[in-house]
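S.K.: Chains as they are written, first to last, in our numbering: chain A, 209 to 515; chain B, -19 to 611.
The beta-carbon is built from N, C-alpha and C at its ideal position, and this holds for glycine as well.
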C-alpha cells in the first residue's frame, strides 16, 4: 500500500531533522549592490555636487555678464566667446548660469530638505512616542500650518523678515517639515506598538534608547524614500518664490527661476528654458533612483507600499 | 476502492524563480488520487508544500511560483492547461477553497448570507433565491444557531467557530465536486475545534463531496481523513489509508511526526524536579489580584479581564496557565511583568511587594522577571543583529561590554543550541524555530528568576515546538529559573509543567500540581478541556460527541460574569439558582489542589466515572483491538 515516490531516502530526511535542519544552509549574503541605474544615478548626483563646489571657477562667463547683443542666441554662437548652450532672455550665457546656479538650487533645497527632516522626524517621533497632550499639541499646530497654502505662507514670512538665503532655507524647511512630521508620526506610531518595542519597555529601557535603537532604524527606509520626493518639491517651491521675486534675488541665478524667466524663449525656438529644466530633472530623478534602488535592495516592502 | 475517481494529481511539479533567475523546485513530483466522497489529508510541516499543492487543484499558484510539470485532472481533464475562462468556472464552482482564517476571508461590510451565496450565483449555478434556500439548508446541516436568520448578520456578530463553519457553507453552496480545506481548525480553541470538525465531517458525508484537508495536526487528520498523504520538502514521504498511516506508519518521517504529537494529557507526565533547584519558597506570587482595561472606576476595572486571582510560583517550578482564548491568561502574565498595573491586589517577588506599574519598578526587579513574547517574528527587531539583541540585556542589566559581552552572547547562543556565528545574522535570516530560540535567549541573557512564556510554541510546527519544549526543560534544570508557561494547548502544558492553573473567563477555576489537576476530581471545565483534546485515534470524535458533557459544554459562548460562576451556562452540572448568583467556594484538596465549584467533592468525583471511560477506556480497548493506536 505504501508508495515510496520520494527521491530522498528515509535516512537523509531523518538526518536533516536531527542536524540543524532548521538552519538556512548557505551563509547569508548581505553585500550591498546597486544596479547599473543606481550607479549611474550616484554618478549624476556626485557630478552636480562637484559642480556646486567648482562650478563658478570653470564657467566660461560670469553669471551676470550680458555678453551677447541678442537674447536667446543659439548654441555655439556669439562674438565674445562660445555660448555652448546659447544665451538667455538678457543675452547671458546659459551654461555659465547653470554652473553658477547649481550652488543656489542644490545648496538651498538640500539644506532646506535636511532641516525639514531634522525638525519633522524629531517632532514626529516625539509625538508618536509620548502621545497624549504632547502629540495633540504638536499635531494641531502642524495641521494649522498644513492648512495654509505653502506659497502664501512663504510670501508672508519672507515679506515680514526680508529675503535672504538663510530665511529662504528656514521658511522652506518649516513648510516641508509639516509633511515629514505626518509621515514620521505615522511610522513611529506603527513601530511603537510592535512587540519588540514593548519588549524594550518591559526591559526597562529609556525612551531615547528605544527611539535610537528600535524606532529610527525601522523608520529610516520609508523616510529616505520620501526624502527624494520632498527634495523635488523644495526645488519647485524655491523656484516659484524666485519667480515672484522673493527667492534667490536676481541677477544671481538658480535653476528654477531660469526656467521661469526663459519660458517666453520657447516661442522663438530657444532652448534656454530647457537646459535648466534638464538640470533639475537629472538631479532630482537621480536622487529618487538611488533611494529606490537602496530600498529595493534592502527588501523595503514598507517603502514600496508608501510609493 | 470501487469509487469513481474524481481528481488525479500526476507527477505535479511546481517551481519558483529566484532573484538570480535560477529555478528552485518547490513541489517535486507529487501524485495522488481523490475519489468521490473521500477526504484526502495532506500533512506536513511548514515548507512541505502542502498549501501549494492544494492550490494547484484550482490551477492557481501563489505569485512567483509556476507549474513546471505534471497534471491535475478533474474528471480526466487537466485543469492546469485549461483556457482561463474555463478555469474561472472551476474556481469556486467545481472546486471550492476554504482559507485558514475565516475572519480574514469574510468582508466585514457585507452580510454573511450575501457572501455565502455570492459564488454560486456568480457562477450561474443557482439563482439568488435558490442559493439563499440552499444556504439556510447548509446552516442547519452545520448546526449553526438561529440558522434561518444568521445569514442576515454581519461577520463580526458571530463567533470565530461559527464563522469557520459559515465559510464551509460558502464553499458548499454551489455544490462543488471538490473542497479544499486549508488548516480550517488550526486557529481555534480545542472546544471550538471539536464543534467545527464535527460539522465539517457531517456535511462532507451528507453531501458526498470529496475534500482535500490540509493540516499539520495528525490528531485532527485521524478524525476526518480517509486517505493520508505525508509531505516533506515538496515530496511525498508516504501515503496510504488513514488507518494504515495512523496505526502502522512505515516511513521514518511519519514516525517522527507521530512522536511529536504530545500524548493525551494525563497524570504522571510532569517532569520530576532535580533536587538542587527544588526550594519550597515562593518566587513570585499574585494575591487577590483583579485587573482589566479601560481605566478603573471605584476600584473595579471598566472592562474586567481577571478577577480575584491567587497564583504562586515556587522557585524552580513550572506553572502552566491554561484556558481558551480570551480567558485572560496573557493578561495574567502582563500583570506579573508590570505591563498592566492591576486594579487591586499585590504582586510579590521573593517576599517583597512589586510595584504594579513598569516605570515604578527597580532595575533588579525588572531583571528578575522576564517576559517572552508569543511571536518571535514581531518580538525581534528586524534591523538589529542577533548579537545586539542578546547583548543588550547583558549590557543593560549587567554592564557587560566589549569582549566580555561577546563571549557571554556566544555562551547564551550555545545554551539555546545555536551556533555562535548566529550573532552576526539578522532575525530575517533565521527559521521560525530559531527565532523563537533567540527570543528565549534574550530573556535568558538577563539572568532572570522568573520567565513568563506567552504561548511560545503555538506558532511553531509540531516537531520544532517539541524541540523548544525540550530546550525549556533543559534550561530549567540547568539554571533553576521558574517558568510561567501560558498555553491553550493542554497537552503541551501537561508535558512540561509541575503545576497547572486553569483559567476560565478571568477566574481560576482549578489549580494544583499537574498530577492532581489531571486526575479526578476535576472542575467540570477542566474535564471539558481534557476531553476536547483530540486523540490520535480514528473514531474518537464520534465517541466524544456522544458524551453529555461535551454536547452541553461546547455549544455556548464564554461570558465574563460579575457574579457567580462564569462557567454556569456551559456546565452540565450547574445548580440553577446558585451557580449564576453566588461566587463558588474554593474546595481545598490535598497537595494544594484547589477547585472552585459549588458542587461537593463527592459530586465532582461521581461524575468522573463517565470521563474516566473517555480517558482510559481506549487504553483497554487498545489491548484487544490492534486497530487502535495508543499514543
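Check for me: the alpha helix (DSSP H) holding residue 386 of chain A runs from which residue to which?
M.R.: 373 to 400
S.K.: Is there contact here, the segment 403 to 410 of chain B with the segment 320 to 335 of chain B, by at least three beta-carbon pairs under 8 Å?
M.R.: no
S.K.: Is it buried or exposed for residue 503 of chain A, if we count other Cβ within 10 angstroms and need 16 for buried?
M.R.: buried
S.K.: At which residue ranges does the segment 25 to 59 of chain B contain complete alpha helix (DSSP H) runs of 4 or more residues, listed in the order of the chain?
M.R.: 30 to 36
S.K.: Among B:212, B:172, B:173, which one has its Cα closest to the Cα of residue 443 of chain B?
M.R.: B:212
S.K.: Could you have a look at residue 490 of chain B and say whether DSSP puts it in helix, strand or coil?
M.R.: strand
S.K.: Kindly say whether residue 410 of chain A, judged by its beta-carbon, lies nearer than 9 Å to any beta-carbon of chain B.
M.R.: yes
S.K.: Using the beta-carbon of each residue, which ones in chain B are nearer than 9 Å to residue 402 of chain A?
M.R.: Those within 9 Å of residue 402 of chain A in chain B are 358, 359, 361.
S.K.: May I have a chain-ordered list of the alpha helix (DSSP H) segments no shorter than 4 residues that lie completely inside the segment 340 to 422 of chain B?
M.R.: List check, alpha helix (DSSP H) in window: 343 to 348, 356 to 359, 366 to 378, 382 to 395.
S.K.: Please tell me whether residue 425 of chain A has its Cβ less than 9 Å away from any Cβ of chain B.
M.R.: yes
S.K.: Under 9 Å between C-beta atoms, does residue 421 of chain A make it to chain B?
M.R.: yes
S.K.: Hey, is the segment 411 to 419 of chain A in contact with the segment 359 to 374 of chain A, meaning 3+ C-beta pairs nearer than 8 Å?
M.R.: no
S.K.: If contacts are defined as beta-carbon pairs under 8 Å, then residue 82 of chain B and residue 144 of chain B qualify, I think. What distance do you get, rounded to the angstrom?
M.R.: 5 Å
S.K.: I think residue 24 of chain B touches residue 210 of chain B, with their Cβ atoms under 8 Å apart; what is that distance to the nearest whole Å?
M.R.: Right, the Cβ-Cβ distance comes to about 7 Å (below 8 Å), so this counts as a contact.
S.K.: Find the residues of chain A that neighbour residue 614 of chain B, judging by a C-beta separation of less than 8 Å, and give them in chain order.
M.R.: Since the displayed chain B opens at -19 and closes at 611, residue 614 of chain B lies outside it and no answer follows.
S.K.: Under three-state DSSP, which class holds residue 89 of chain B?
M.R.: coil
S.K.: Taking the CB atoms as reference points, tell me whether residue 490 of chain B and residue 576 of chain B lie closer together than 9 Å.
M.R.: Going by C-beta atoms, residue 490 of chain B is nearer than 9 Å to residue 576 of chain B.
S.K.: If the cut is a Cβ gap below 9 Å, which residues of chain A does residue 317 of chain B touch?
M.R.: 410
S.K.: Against chain A, does residue 426 of chain B count as a neighbour if the rule is that its beta carbon must be under 9 Å from one of theirs?
M.R.: yes
S.K.: Helix or strand or just coil, what does DSSP make of residue 229 of chain A?
M.R.: Note that residue 229 of chain A scores 44 on pLDDT, short of 50, meaning its location in the model is unreliable; the coordinates nonetheless yield the value given after this. In the three-state DSSP reduction, residue 229 of chain A falls in the coil class, being neither helix nor strand.
S.K.: Taking C-beta pairs closer than 7 Å, name the residues in chain A that residue 320 of chain B reaches, listed in chain order.
M.R.: Chain A residues near residue 320 of chain B: none, gap ~11 Å exceeds 7 Å.
S.K.: Which one of A:302, A:400, A:309, A:266 has the shortest CA to CA distance from residue 359 of chain B?
M.R.: A:400
S.K.: Would you tell me roughly how many angstroms separate the C-alpha atoms of residue 369 of chain B and residue 346 of chain A, rounded to the nearest one?
M.R.: 33 Å
S.K.: If the criterion is Cβ atoms closer than 9 Å, does the pair residue 169 of chain B and residue 468 of chain B meet it?
M.R.: yes
S.K.: From residue 404 of chain B to residue 301 of chain B, what distance separates their C-alpha atoms?
M.R.: Residue 404 of chain B and residue 301 of chain B: Cα-Cα distance of roughly 35 Å.
S.K.: Which residues, taken in chain order from the segment 364 to 375 of chain B, show a beta carbon closer than 9 Å to some beta carbon of chain A?
M.R.: 364, 368, 369, 372, 373
S.K.: If you follow the beta strand (DSSP E) that residue 267 of chain B is in, where does it begin and where does it stop?
M.R.: It spans 262 to 277 - the beta strand (DSSP E) in which residue 267 of chain B sits, taken as one unbroken run.
S.K.: Near residue 569 of chain B, which residues of its chain fall below 8 Å by C-beta distance, leaving aside the five closest residues on each side in sequence?
M.R.: 492, 496, 501, 575, 581
S.K.: In terms of residue numbering, what span does the alpha helix (DSSP H) encompassing residue 77 of chain B cover?
M.R.: First-last for residue 77 of chain B: 75 to 78, but that is the beta strand (DSSP E), not the alpha helix (DSSP H).
S.K.: Would you list, in chain order, the members of the segment 430 to 458 of chain B that have their beta-carbon closer than 9 Å to a beta-carbon of chain A?
M.R.: 443, 444, 447
S.K.: Near residue 434 of chain A, what residues of its chain come up, given a Cβ to Cβ distance below 6 Å and the 5 sequence neighbours on each side ignored?
M.R.: 391
S.K.: If we count the other Cβ atoms within 10 Å of its Cβ and call it buried at 16 or more, is residue 344 of chain A buried or exposed?
M.R.: It counts as exposed.
S.K.: Which two residues bound the contiguous alpha helix (DSSP H) that contains residue 409 of chain A?
M.R.: 403 to 411
S.K.: Between residue 238 of chain B and chain A, is the shortest Cβ-Cβ distance under 9 Å, so that the two count as touching?
M.R.: Not one chain A Cβ lies under 9 Å of residue 238 of chain B.
S.K.: Any beta carbon from chain A within less than 9 Å of residue 422 of chain B's own beta carbon?
M.R.: yes
S.K.: Report the residue from A:486, A:380, A:448, A:490 whose alpha carbon sits nearest the alpha carbon of residue 438 of chain A.
M.R.: A:380
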